[in-house]
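K.L.:
At the far end of the sequence shown sits residue 373, using the working numbering, and the numbering has no gaps.
Just so it is clear, CB atoms sit at the ideal spot from N, CA and C, and this is done for glycine as well.
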Amino acid sequence: MKIIMLGAPGAGKGTQAKMIAEKYSIPHVSTGDIFRANIKNGTELGKEAKGYMDAGKLVPDELTVKILLDRVAQDDCKNGYVLDGFPRTIPQAEVLEDALTKLGDKIDYAINVDVPDENIVRRMSGRRACLKCGATYHIEHIPPKQEGICDTCGSELVLRDDDKPETVQNRLKVYHDQTQPLIDFYTAKNVLKTVDGTKDMKDVFADITAILG
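#1: Determine the direct distance from the alpha carbon of serine 190 to that of leucine 205, and round the result to whole angstroms.
#2: With distances taken from CA atoms, which of His301, Ile271, Ala270 and Cys293 is nearest serine 285?
#3: Measure from the alpha carbon of proline 169 to the alpha carbon of each residue in Thr327, Leu260, Asp367 and Met361, then state which is nearest.
#4: Going by DSSP in three states, aspartate 311 sits in which element: helix, strand or coil?
#5: At the level of alpha carbons, what is the spacing between valine 334 and methionine 213?
#6: Less than 8 Å between the CB atoms is what I'm expecting for cysteine 237 and proline 187, so what's the real figure, rounded?
#7: With a CB to CB cut of under 6 Å and the five nearest residues on each side skipped, what residues in its chain are close to lysine 210?
#8: Do you know offhand how far isoleucine 309's Cα is from lysine 359's?
#9: Report the CB separation of valine 351 from aspartate 268 in whole angstroms; it is logged as a contact under 8 Å.
#10: Is the stretch 272-283 touching the stretch 336-356, taking contact as three or more C-beta pairs under 8 Å?
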């Protein structure tokens, strides 16, 4: 079972992808994780990707396609995988489809986690992070015991640049311009399924598992 997760930044598709991977025993393949690993290790790809990500822009296709195809060719993806963060554009979707067709394969489901923009801005601007220990909070949903202070290590919590409303708005604009057309692309392939991402996380997952069976 090969699944693509679609949805705007902050829609919760990454969380759902992890839950799908666990339930169906298939790998969760996140381009974000691949890029973060490169950034952490200081690779040239990582440095280039970081420049785009810090500005709230999408990483260009040529930086993304090859590394992902190498990943899904690995043995642990033989029974399927959940793609999270790829494809983001029609050209990427076409490259992926061509590569899979050559292998006699195809995407089975594209799951669209649908959340209105205003909900996403509210969700992401409420996030707080501890830069020292990496703990994350949300001022509404997972608040720290003491406002602005990390429960774990006592350090100051910050609103990361990529969670600031103006950056989120920019990311949403990029999403609607470049990624929204994928909804039409996968609808035409008869594999698109849309779920209401404003529901509770467990209810969204229940809706997804009802689709996947």
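P.N.:
If we stick to the structure as given:
#1: Residue 205 sits at position 45 when you count from the first residue of the sequence shown. Residue 190 sits at position 30 when you count from the first residue of the sequence shown. If I take the Cα positions, the gap works out to 16 Å.
#2: Within the sequence shown, the letter at position 125 stands for residue 285. Nearest option by C-alpha distance: His301.
#3: In the sequence shown, the residue the question calls residue 169 occupies position 9. Closest option to proline 169, Cα to Cα, is Thr327.
#4: By 1-based counting over the sequence shown, the position of residue 311 is 151. Three-state result, aspartate 311: coil.
#5: Locating residue 334 in the sequence shown gives position 174, counting from the first residue. Locating residue 213 in the sequence shown gives position 53, counting from the first residue. Going from the Cα of valine 334 to the Cα of methionine 213 covers about 12 Å.
#6: Counted from its first residue, the sequence shown places residue 237 at position 77. Counted from its first residue, the sequence shown places residue 187 at position 27. So it is a contact: roughly 6 Å between Cβ atoms.
#7: In the sequence shown, counting from the first residue as 1, residue 210 sits at position 50. These residues qualify, in order along the chain: Ile199.
#8: For the purposes of this step, residue 309 is taken as the residue at position 149 of the sequence shown. For the purposes of this step, residue 359 is taken as the residue at position 199 of the sequence shown. Approximately 29 Å, taken between the alpha carbons.
#9: Reading the sequence shown from its first residue, position 191 is the one you call residue 351. Reading the sequence shown from its first residue, position 108 is the one you call residue 268. Right, the Cβ-Cβ distance comes to about 7 Å (below 8 Å), so this counts as a contact.
#10: yes
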